[in-house]
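Residue numbers are given in numbering that gives the first Met the number 0: position 77 of the sequence shown equals residue 76, and the series is strictly consecutive. Everything on this sheet refers to the single structure shown next.
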Amino acid sequence: MTSARATRRPGPGRPGYDLDSLLSVAVKVFNEKGYDGTSMEVLAKRLGITKSAIYHHVSGKEELLDLALSRALNALFAATTEPGAMAGPSVSRLEYLVHRSVQILVAELPYVTLLLRVRGNTAVERRALARRREFDEFVATLAENAAAEGDLRPDIDPALVSRLLFGVVNSLIEWYRPRGDTNPDALADAVVRMTFDGLRTT
0 MTSARATRRP GPGRPGYDLD SLLSVAVKVF NEKGYDGTSM EVLAKRLGIT
50 KSAIYHHVSG KEELLDLALS RALNALFAAT TEPGAMAGPS VSRLEYLVHR
100 SVQILVAELP YVTLLLRVRG NTAVERRALA RRREFDEFVA TLAENAAAEG
150 DLRPDIDPAL VSRLLFGVVN SLIEWYRPRG DTNPDALADA VVRMTFDGLR
200 TT
């Protein structure tokens, strides 16, 4: 999903910005104004550089969106291939994935926020939504397997379980703000305890 231009190693570029720092600012603006409401002029003004300086790094705002959404999605999909998500009882794998998803959301908060707000208005957004559905299907399969193994309450539809779990995780973008006294691991532990204490059979 990432373009050939975006995969090149970013160089020093124009004064004050490399690709990563430019992307960080662009994501903030997308989240504030919406992708559709953000023009290259708006980005250039926020960055304090010319539009041509932005084009030195990317082909346009669509590529910035592509890079941003890929960053969030790649982090989530990477978690599905970690040992904790691949081995053991399905319920333990599901717990692990919820825990890691909270950690990823905290670490990549602006990028995950943007991902959760896209609506499929562009080809880039539609590809991102398709990848999100793949992730959701992975989670749903774990929930179904955990129920079949007898580790989740039988009176709750496994499909509903997966939606509820990630509804809780995704809701963090609405209120979570990084603070010095907020430990991401403790937050992930709390989400897992609160959700799975009511779902596990034992």
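Backbone N, C-alpha and C fix where the C-beta goes; we use that ideal spot for every residue, glycine too.
Original post:
My guess is that Leu93 and Ala142 are in contact by the Cβ rule of under 8 Å, so how many angstroms apart are they, rounded?
Top reply: 6 Å
Original post:
What are the start and end residues of each continuous alpha helix (DSSP H) run of 4 or more residues lying completely inside the region 93-168, in chain order?
Top reply: 108-116 and 122-147
Original post:
In this structure, what does DSSP give as the bridge partners for Arg199?
Top reply: In the DSSP output, where bridge partners are listed per residue, Arg199 has Leu151.
**OP:** Measure the Cβ-Cβ separation of Glu109 and Val190 and say whether it is below 9 Å.
**Re:** Reading off the sequence, residue 109 comes out as Pro, not Glu. No. Outside cutoff.
Subject >> Alpha-carbon to alpha-carbon, Leu159 and Ala139 >> reply: 9 Å
**OP:** Compare the Cα-Cα distances from Gly119 to each of Asp17, Glu61 and Ala187 and report the closest residue.
**Re:** Glu61
Original post:
Roughly how far, in whole angstroms, is the beta-carbon of Val117 from the beta-carbon of Leu68, given that I think they are within contact range, below 8 Å?
Top reply: 7 Å
Original post:
Between the region 42-51 and the region 96-108, are three or more C-beta pairs nearer than 8 Å?
Top reply: At 8 Å Cβ cutoff, the stretches do not touch.
Original post:
Between the C-alpha atoms of Asn182 and Val168, what's the straight-line distance to the nearest angstrom?
Top reply: Roughly 16 Å between the two C-alpha positions.
**OP:** Determine the DSSP secondary structure at Thr235, reduced to helix, strand or coil.
**Re:** Shown here, the chain extends from 0 to 201; a query on residue 235 therefore has no answer.
Subject >> Closest residue to His98 among Thr201, Asn30, Thr200 and Asp184 (Cα-Cα distance) >> reply: Asp184
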